[in-house]
Structures are given as C-alpha cells and as structure tokens.
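Below is one structure; the comments refer to it alone.
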Amino acid sequence: MRPLSYARATDVDGAIAAVARRDDGAFLAGGTTEVDLVRQNVLRPGLLVDINDLPLNLVEDLPGGGLRIGALARMSDVARVPGVVARFPVISQALLLGASAQLRNMASMGGNLCQRVRCSYFRDAASPCNKRDPGSGCAALGGFNRGHAILGTSDKCIATHPSDVAVALVALDAVVHTRGPGGEMAIGIDDFFLLPGDTPEREHPMEHAELITAIEVPGAPVARRSVYLKFRDRESYEFALVSVAAAVRIQDGTVAEVRLALGGVATKPWRARRAETALLGRPASAASFALAARQELAAAMPRPMNAFKVELTQRAMVRALSTLTDGEA
Amino acid sequence: MNTEIISPPVERGPETGTVALIVNGQARELRIEPRVSLLDALREHLGLPGSKKGCDQGTCGACTVWVDGRRVLACLTLAVTCEDREVTTIEGLSAGGELHPMQAAFITHDAFQCGYCTPGQIMSAVALLDEGVTDDRQIAEWMSGNICRCAAYPNIRAAIRDVRDAAGGE
Chain L
146 MRPLSYARAT DVDGAIAAVA RRDDGAFLAG GTTEVDLVRQ NVLRPGLLVD INDLPLNLVE
206 DLPGGGLRIG ALARMSDVAR VPGVVARFPV ISQALLLGAS AQLRNMASMG GNLCQRVRCS
266 YFRDAASPCN KRDPGSGCAA LGGFNRGHAI LGTSDKCIAT HPSDVAVALV ALDAVVHTRG
326 PGGEMAIGID DFFLLPGDTP EREHPMEHAE LITAIEVPGA PVARRSVYLK FRDRESYEFA
386 LVSVAAAVRI QDGTVAEVRL ALGGVATKPW RARRAETALL GRPASAASFA LAARQELAAA
446 MPRPMNAFKV ELTQRAMVRA LSTLTDGEA
Chain F
-12 MNTEIISPPV ERGPETGTVA LIVNGQAREL RIEPRVSLLD ALREHLGLPG SKKGCDQGTC
48 GACTVWVDGR RVLACLTLAV TCEDREVTTI EGLSAGGELH PMQAAFITHD AFQCGYCTPG
108 QIMSAVALLD EGVTDDRQIA EWMSGNICRC AAYPNIRAAI RDVRDAAGGE
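Protein chains in written order, with my numbering: chain L, 146 to 474; chain F, -12 to 157.
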C-alpha cells in the first residue's frame, strides 16, 4: 500500500474541511471497499480522514412511519432495528443477504451507497477502464462479462452496481442527505446513482469533500409486505447475479400499489418503473407478473456471456411478486 | 458553513508515528505508519501471529478479530483507526491457560485439517453465539465469511452446536 496520512475527525465540519483542503483527501468509514482498493492501487488517497467517531450512527423513526438512518450506522445494526424489521423487511433482508457477518459489522450505510463496482477490470488497476482511468476504454466490453449489466449500460461501461441494500432503498424512494463545503443537499436516491453514459467515472452527484450524513426512508405502509430475493453463484457471501426488491398491496385481487427494483443486472440500482406501471390495476396473477417483467426487460442489452440474466431476471421478478401475493391472487 | 470556527483534525503520517492500542486487555504502543493494517500490526509488530493472513483483501476471514467486541476483518482495518478501541485476538480468548470452550470443542470435533483458518473460525464462532444466532441453518449462513480450504465445515458446525447446547441454547 502507498504511504498515506491519517486524521481522525471529531465533528462533521472538521472532517469536511480536512478532506476539502487536499485534492487527494478522502473520508474513511468502515473501509471494507476503500482499504482494499487503496491496497490495490485503484484508489490513491494521500490523506484518509477517519469519520467513524462522528455522531452519525443513529437509526430513528420519523413521523409518518419513516426512518432516518445515520450514514455511519453499520449494516448489521440497521438490519436488526425493530422498526426496520417490522416496517421495512426488504431493507433488513437485503442487508443480511449482503457480504459476511464481519463485513456487515464494519460497513456503514453511507459507505455502502458509495462502494465501488466489483468489475475485475476496474479492480485490477491495469486493464483499460473508463471508470478508473477515463478515456482508456472498457476491457469488460470484449472481456469476461458474465456478471455484468444488461440494463443502463453504455459503450463506456457495463459494470453492475454491487449494493443490495441500495436496491431496497431505490424501491422505497429513499432520500440521501449530504453535507459539504457548499452546504447541505437532499438527493432522491434514484438521482443519487448516475448512469455511466459518457462519464462512468462519475457515479454520484457529490462533489469532493461532500459527505453523506443520513438516508431517509419515507413511510410506506406497502413495505410491510416486502421481500428481497437474491440469486447468486454461491448460497452465501456472494454478489447478486440478479436480485429483486419488491413490495406490493393487493386489493380485490388486483395490484393496487407496487414497488419493484432490481440488483445485479444494471449499472445502478434499477427501479423497474415499466413493470410497476404495467402491474397497476392488473390481476395479481403469475401471467400479469410475467408480462410486466417482460416489459421491463425489453430494453435489456445482453451480451453472449450474460444473456442468461434476461430470463433469470424475469423469473426472479415473478417469484418475488408471487411470494408476496401467495393466497391473494 | 462558517469556515472561521472550523478546526480540521490533526494529520498524522505518512511517516512512522506512535500508535497506542489496547490488545487483549493490555496497553501496547507501536511505531508504525498510518497505512499499516491491524493484521500486520498484530503479526509483525506485536508478536501476535495467531490472526492469519489468507487473502489480505477481506474475502477469507482468516484474520477475524474483535474490535470493541464485534467481529471484524483485521486486514481491512487500519491499525491507527483502533486507537481508543479494544482489540481482541485469538491469543486473548482463553484465560489462565484454560482453553475457551469453543477451542476445546474444535479439538473434540476435529474441526480443522491444516488449521490455518482456525483462529478466524473460532473468533467468528464465539461472536456468532453472542450475536444470538442459534438454529443450525443460521450457523452455516452466519459463518460464511470464514472460508476453510480443507472443507472442515461439518465439523466446525458440530463444534459450534456443542458450545451452543452446553450454554443452554436451542
């Protein structure tokens, strides 16, 4: 690992100021992605500002049934908060299906949203990669891309976003709160994650030294009946090939309200709005679910190695919706 | 924000400096750079080679230790971030020369072949019971962050079940 300096922040503004005054400054939270990527020379900070002592680790109930999740709350802690388990099971499940127990104890919620892609060409610090070295090309386009994205891709980048919990948060219209040299911002989570387009190096709208302080999840009674379904190559401790965050309310046999988002198949946590629109007012049946899933995947741009994801994603969507509506169709 | 009253924290490094740690209940001082991982600090600077370096990238779990009582990966933790926190390694698990019940159960159940992953397995196994994980299927899931190349998994789980049952669990 390259030499670096270190500072432990005791207040939010001090942390921001410390990172802001150096171009090569970066925040250090759980470190589960960052320390790894620094060691591999993918990230090259000259200063790490340790924010783990900042008072940003609470999970609080909001009026109206929502949640305010402090950016430094750990994945393992958030997963077992009673209000999360009861009102937002999809969040708890997504957290517990990610990483390992040790990593969940370390990794913060804010860091989870900022985690970098698992594309091996990004991480090898050698191959052409427009994310790591803008303009150098994308080795994944003609390389081993079985795990790569089929939605939201560009000819500059096809890496999938690796987070599980972000998929649940996108389905629930969470809001990302940030603070930086320019003040405070509240960013709808679907706008927080950027498509690669021509600038895959830009993954979120935050500026240098801007820090996530909290994630707010608005109250959503529909989420009481929600599920996170994840398919992967191994039974545990593996990133998703396909995942689905789903919540649904059935009234008189038809879909009255639905939230759907996909992981493992897109360049950002993917809100399946086409499928949602297709489902509203339709019978809660496997046929409706399959039709909606097909409409969502109509825009897929598969490659020979990951073409299987088109079918797998549709089946996963049908499975998730069927699981939630079993007995009501 | 008002920049006049903000005082950024003091920068340390990149040169070697003094880092004060509490490891297995003992205050220890070492001279290291900020980039040194907790794992390297333990093994190379503090004479505690029980925590193992398998992958050094947060994948295998061989370096599992506890920081403030929570199991974490020492390879992805910078040692300097552990100042003012309590670090516990496999060397600190037993007291007074007596094996911890989990260590004894691993021997009873032959829960290893080469033994390289064993310290991490045991640090995870003890933590897992503290976390309230009890049923057999949960044990497998919650131990998935500790890889055993020799595939001693059935015996590792048997050892954990024994300790769980002896403690009055399910």
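Glycine included, each C-beta is placed from N, C-alpha and C at the ideal position. As the structure is a prediction and not an experimental result, all values here were calculated from the model.
So, at 8 Å on beta carbons, what are the nonlocal neighbours of D343/L in its own chain, with the 5 sequence-adjacent residues on each side left out?
Within the first sequence, the letter at position 198 stands for residue 343/L. Same-chain partners within the cutoff: S299 and K301.
Chain F residues whose Cβ lies nearer than 8 Å to that of A152/L
In the first sequence, residue 152/L corresponds to position 7, counting from 1. Near A152/L (Cβ distances below 8 Å), the residues of chain F are P(-5), P(-4), V(-3), E(-2) and R(-1).
Boundaries of the beta strand (DSSP E) in which V59/F is found, first to last residue:
Walking along the second sequence from the start, residue 59/F turns up at place 72. Residues R57 to L60.
How many Å lie between A162/L and P366/L at the Cα?
Here residue 162/L refers to the residue found at position 17 when the first sequence is read from its first residue. Here residue 366/L refers to the residue found at position 221 when the first sequence is read from its first residue. Between A162/L and P366/L, the C-alpha separation is close to 40 Å.
Please report the Cβ distance between A313/L and A423/L, rounded to the nearest whole angstrom; I am assuming they are in contact, meaning their Cβ atoms lie under 8 Å.
As a working mapping, residue 313/L is identified with position 168 in the first sequence. As a working mapping, residue 423/L is identified with position 278 in the first sequence. About 21 Å separates the two Cβ atoms, so there is no contact after all.
Among R18/F, L65/F, W129/F and V6/F, which has the Cα closest to the Cα of L26/F?
On the second sequence, residue 26/F is found 39 positions in, with the first residue counted as 1. Considering only alpha carbons, the answer is L65/F.
Flag V59/F as yes if its beta-carbon sits less than 8 Å from any beta-carbon of chain L, otherwise no.
On the second sequence, residue 59/F is found 72 positions in, with the first residue counted as 1. Cβ-Cβ to chain L under 8 Å: yes for V59/F.
If you count every other CB in all the chains shown that lies within 10 Å of the CB of M450/L, and 16 or more means buried, which is it?
Within the first sequence, residue 450/L is the residue found at index 305, counting from 1. M450/L should be labelled exposed.
Strictly under 8 Å for the Cβ-Cβ distance: is V150/F near chain L by that measure?
Along the second sequence, read from residue 1 onward, the residue named residue 150/F stands at position 163. Output row for V150/F: interface = no.
The beta strand (DSSP E) that contains R153/L, what's its start and end?
Residue numbering aside, residue 153/L sits at position 8 when the first sequence is read from its first letter. Where R153/L is concerned, the enclosing beta strand (DSSP E) stretches over S150 to R153.
To be precise: take each residue of the region -2 to 26 of chain F, compare its Cβ to all Cβ atoms of chain L, and keep it if any distance is under 7 Å. Which residues remain?
E(-2), R(-1), G0, P1, E20, P21 and R22
Use the C-beta contact count for L60/F: other C-beta atoms within 10 angstroms, 16 or more gives buried, fewer gives exposed.
Sequence index remark: in the second sequence, residue 60/F carries index 73 (1-based). It counts as buried.
Do you know offhand how far L386/L's Cα is from R136/F's?
Mapped onto the first sequence, residue 386/L falls at position 241. Mapped onto the second sequence, residue 136/F falls at position 149. Answer to the nearest angstrom: the Cα atoms are 24 Å apart.
Using three-state DSSP, classify S433/L as helix, strand or coil.
By one-based count along the first sequence, residue 433/L stands at place 288. Here S433/L sits in helix by DSSP.
At least one CB of chain F closer than 8 Å to the CB of P148/L: is that the case?
The count along the first sequence starts at 1 and reaches residue 148/L at position 3. By this cut-off, P148/L is an interface position.
Three-state secondary structure (DSSP) of P345/L:
Start at 1 with the first residue of the first sequence, and residue 345/L comes out as number 200. In the structure shown, P345/L sits in coil (DSSP, three-state: anything other than H, G, I, E or B).
Roughly how many whole angstroms lie between the Cα atoms of I295/L and M446/L?
On the first sequence, position 150 is the one that residue 295/L refers to. On the first sequence, position 301 is the one that residue 446/L refers to. Each residue's Cα considered, the two are about 5 Å apart.
Could you give the distance in angstroms between the alpha-carbon of E346/L and the alpha-carbon of L425/L?
Here the question's residue 346/L lines up with position 201 in the first sequence. Here the question's residue 425/L lines up with position 280 in the first sequence. In a straight line, the C-alpha of E346/L is about 36 Å away from that of L425/L.
Using the DSSP secondary-structure output, state which residues sit across from Q396/L in a beta bridge.
Indexing the first sequence from 1 puts residue 396/L at position 251. Its beta-bridge partners are T399/L.
Cβ-based contacts, 8 Å cut-off: residues of the region 104 to 128 of chain F near chain L:
S111, A114, L115, E118, A127 and E128
Give me the Cα-Cα distance between P141/F and M220/L, rounded to the nearest whole angstrom.
For the purposes of this step, residue 141/F is taken as residue 154 along the second sequence, with counting starting at 1. For the purposes of this step, residue 220/L is taken as residue 75 along the first sequence, with counting starting at 1. For P141/F and M220/L, the distance between alpha carbons rounds to 28 Å.
Within 8 Å (strictly less), CB to CB, does R166/L reach chain F?
Here the question's residue 166/L lines up with position 21 in the first sequence. With 8 Å as the cut-off, R166/L counts as an interface residue toward chain F.
Can you name the start and end residues of the alpha helix (DSSP H) that T105/F belongs to?
Taking the second sequence and counting its residues from 1, the one referred to as residue 105/F is at position 118. Note, T105/F: alpha helix (DSSP H), T105 to D117.
Going by beta-carbon coordinates alone, are D169/L and Q44/F separated by less than 8 Å?
Here residue 169/L refers to the residue found at position 24 when the first sequence is read from its first residue. Here residue 44/F refers to the residue found at position 57 when the second sequence is read from its first residue. No, the pair does not count as a contact, with Cβ atoms beyond the cut-off.
For L65/F, would you say it is in contact with chain L, using Cβ-to-Cβ distances shorter than 8 Å as the test?
Taking the first residue of the second sequence as position 1, residue 65/F is located at position 78. At least one chain L Cβ lies under 8 Å of L65/F.
Under a CB-based cut-off of 8 Å, is D378/L close to chain F?
Locating residue 378/L in the first sequence gives position 233, where the first residue counts as 1. Answer no: the Cβ-Cβ gap between D378/L and chain F never drops below 8 Å.
Tell me, which residues are paired with Q158/F by DSSP?
Residue numbering for chain F in the displayed model covers -12 to 157; residue 158/F lies beyond these limits and cannot be assessed.
So does H306/L have its beta carbon nearer than 7 Å to some heavy atom of the ligand COA?
In the structure shown, the ligand COA is absent, as is every other ligand, since no ligand is present at all.
Could you give the first and the last residue of the continuous beta strand (DSSP E) run that contains S371/L?
Position 226 of the first sequence holds residue 371/L. Counting along the chain, the beta strand (DSSP E) containing S371/L begins and ends at S371 to F376.
For L407/L versus E421/L, is the C-beta distance shorter than 8 Å?
Taking the first sequence and counting its residues from 1, the one referred to as residue 407/L is at position 262. Taking the first sequence and counting its residues from 1, the one referred to as residue 421/L is at position 276. No, Cβ-Cβ distance for L407/L and E421/L is not below 8 Å.
List, in chain order, every chain L residue whose beta-carbon is nearer than 9 Å to that of T76/F.
The residue you call residue 76/F lines up with position 89 of the second sequence. Per Cβ cutoff of 9 Å: no residues; T76/F is ~14 Å from chain L at best.
Does the beta-carbon distance from A316/L to A392/L come in below 8 Å?
Indexing the first sequence from 1 puts residue 316/L at position 171. Indexing the first sequence from 1 puts residue 392/L at position 247. Going by C-beta atoms, A316/L is nearer than 8 Å to A392/L.
Less than 8 Å separating the beta-carbons of G333/L and G209/L?
Looking up residue 333/L in the first sequence gives position 188. Looking up residue 209/L in the first sequence gives position 64. In this structure, G209/L does not lie closer than 8 Å to G333/L by Cβ.
Considering only the beta carbon of each residue, do V187/L and F267/L sit closer than 8 Å?
Numbered from its first residue, the first sequence carries residue 187/L at position 42. Numbered from its first residue, the first sequence carries residue 267/L at position 122. Their beta carbons are under 8 Å apart, which means V187/L touches F267/L by this criterion.
Output, in chain order, the set of chain F residues within a Cβ distance shorter than 8 Å of A163/L.
In the first sequence, the residue the question calls residue 163/L occupies position 18. Within 8 Å Cβ-Cβ: P(-5), P(-4) and E(-2).
Under 7 Å by beta carbon: chain F residues contacting N250/L:
Within the first sequence, the letter at position 105 stands for residue 250/L. Here the neighbours are R57, R58 and V59.
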